[in-house]
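The next block holds one structure in the form of structure tokens; read it before the comments.
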Amino acid sequence: MKLFVNIFKPTISPAHSSSFEHMSHKSNLIIENVNGDKLNGLKIGFTNDEMCTIVSQELKKAGLIDGFAPLVYLFGHGGSSTNNPYYAGYNCGACSGRPSSLNARVFAAMVNKPAIRNFLNSTGFSIPDETQFIGGLHDTTRDEFVFYDTQNLSA
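Its first residue numbered 1466, the sequence shown is counted upward by one per residue in the numbering used here.
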């Protein structure tokens, strides 16, 4: 009977896991390391040089050098599951089986920084000032999308 009811009126159970639950939309990310700051012996964030290297390499790999739209979406992927021991297989292998939305969110924050954008434009990229990057998550098992840091977008 419980199975029958759950088909027509599904509920969240302790066996349920969702890729949307791993990171709050309201969380603030520290992506910049200015003074070599560390927490528990680990470096916090990236220097501007590291950001320039990461962003330029990834944009080149994707073939994004010019012709940018006003809004560029960067999606990580993850999955939702109920009672599946192979759940981690639905998420990003590069993220140790976690949703990769954090990567998309950090990359968007990096490429939106004026110092990084100036470096990119001085090294052969042609990214208009009005172009904005936004990170998001695609839950591939439910085919749902969510965006992060939308409050940082201009009108």
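Using N, Cα and C, we set each Cβ at its ideal position, and we do this for glycine too.
Fair warning: this is a prediction, and the values are worked out from it, not measured in the lab.
Bridge-paired residues (DSSP) for residue i
i: residue 1507; result: 1504
i: residue 1610; result: 1603
i: residue 1539; result: 1600
i: residue 1497; result: 1511
Range covered by the beta strand (DSSP E) that runs through residue i
i: residue 1572; result: Per DSSP, residue 1572 belongs to no beta strand (DSSP E); it is in the alpha helix (DSSP H), 1566–1577.
Own chain residues within Cβ distance below 7 Å of residue i, not counting five before or after
i: residue 1585; result: 1520, 1521 and 1592
i: residue 1536; result: 1597 and 1599
i: residue 1509; result: 1495, 1498, 1502 and 1503
i: residue 1540; result: 1569, 1601, 1602 and 1603
Cut-off 8 Å between Cβ atoms - residues of its own chain near residue i, not counting five sequence neighbours on either side
i: residue 1589; result: 1530
i: residue 1533; result: 1591, 1592, 1593 and 1596
i: residue 1615; result: 1599
i: residue 1620; result: none
Residues near residue i by beta carbon distance below 6 Å, same chain, minus five either side
i: residue 1576; result: 1520 and 1598
i: residue 1574; result: 1496
i: residue 1513; result: 1580
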